[in-house]
Amino acid sequence: MSTPGKGATKKEKKKPIPVKTSLNSPYSTHWSPLEREHKHFILNTLKGKLSAVGLQKQRSRGRSRKKGSKPTEDQKPAPDPAGRVQTPSKPTEPCWTNPAVRKQLAVGINEVTKGLERNELSLVLVCNSVRPAHMTCHLIPLSKTRSVPACQVPSLSESLAGLLGLKCVLALGFRRGAEVFEEVVRAITPVVPPLRVAWIPTDSTAKAEEKLADTLKGQKRKLEDMSDEATGASPLNLQPLKVKKIIPNPTKIKKPKKKGKQKCLSSV
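In the working numbering, the protein residues as written are 1238 to 1505.
This is the structure in structure tokens:
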């Protein structure tokens, strides 16, 4: 009885070279500089309002247990006669003194970003102590496209973190329709410098309409000239495309075909 020979081993597959693609913007976005007088005005206005409202984050401290000290028999709690199991109470989570006022603010870079994406903010203030600095660069085009006044205020975190009971305040946003901070937004908005984004036009609507009309007229003239040239030229007769030969892709890895089991005939 003869056994079929084993086929050749598989060729070693070459590992593809890892290629990483990265996109970089040709434009550089920067925050517009804020004047020193306006900086003090903004910080004093925010401090006065937050101190008047009394908004602060409270943190509850858990009871400290002494290590190594075991409760004596007298200190042990008496068993419940009804047989109920006493579950340990969960530690209280940090809460705000006034949750209704807290909902009118967006604190932090992530919360401000979500608020701008949903077009829920009317004013955005960013601290200049953010490191790395590009962590807040995405807020510039977001604020510009939503027509939301935004600026970078020096020492914003140092001035407001203690009042709010936080470690830092890198970004602060005021939601639309905030009744408590309506006067603050009205007072700060005229002082905020306009943002400049290269790919977003800053011209007025009238100038923009004139430019659009001029471009449309130029396009119509070009189309008319092209149509005149096409009529004057001789007509072209396109021939059908014929495929002569199809070449397979050499880089494509083909899976080897599974050979069926060869049946061996036994002699009687």
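Idealized CB from N, CA, C, for every residue including glycine.
In terms of DSSP beta bridges, what is residue i paired with?
i, result
"R1412", "L1358"
"W1268", "Bridge partners of W1268: none, in fact."
"K1294", "W1333"
Where does residue i sit, in a helix, a strand or coil, going by DSSP?
i, result
"V1344", "strand"
"K1479", "coil"
"K1252", "coil"
"F1278", "helix"
"R1339", "helix"
"S1326", "Residue confidence is low: S1326 scores 46 on pLDDT, short of 50, so the model does not pin down where it sits. Its coordinate-derived value is still stated next. Looking at S1326 - three-state DSSP - the assignment turns out to be coil, as it is neither helix nor strand."
"P1487", "coil"
"K1495", "coil"
"R1433", "coil"
"K1257", "coil"
"P1427", "helix"
"V1421", "helix"
"L1283", "helix"
"S1262", "coil"
Residue i and residue j look like a contact to me (Cβ under 8 Å); what is the Cβ gap, rounded to whole Å?
i, j, result
"L1353", "S1384", "Not a contact, Cβ separation roughly 11 Å."
"Q1198", "V1422", "Any property of residue 1198 remains undetermined from this structure, which presents the chain solely from 1238 to 1505."
"K1284", "L1400", "7 Å"
"L1287", "L1358", "At roughly 17 Å, the Cβ-Cβ gap does not stay under 8 Å, so L1287 and L1358 are not in contact."
"V1429", "P1386", "4 Å"
"T1258", "L1360", "No, T1258 and L1360 are not in contact; Cβ-Cβ is about 37 Å, not under 8 Å."
Under a CB-based cut-off of 8 Å, is residue i close to chain C?
i, result
"R1413", "In summary, chain C is missing from the structure at hand, where a single protein chain is found."
Exercise. Per the contact definition of three or more C-beta pairs closer than 8 Å, is the region 1334-1348 in contact with the region 1405-1414?
Worked result: yes
Original post:
If you scan the region 1346-1405 from start to end, which runs of the beta strand (DSSP E) of 3 or more residues do you find wholly inside it?
Top reply: 1358-1364 and 1387-1390
Margin query: With three or more C-beta pairs closer than 8 Å as the rule, is the region 1360-1376 touching the region 1431-1440?
Written below: no
Next on the checklist: Any contact between the region 1253-1261 and the region 1286-1294? By contact I mean 3 or more CB pairs, one from each, below 8 Å.
Outcome noted: no
Original post:
Would you say the region 1383-1393 touches the region 1270-1284, given that touching needs at least three Cβ pairs under 8 Å?
Top reply: yes
message: Count Cβ pairs between the region 1366-1382 and the region 1260-1269 that sit closer than 8 Å; are there 3 or more?
response: yes
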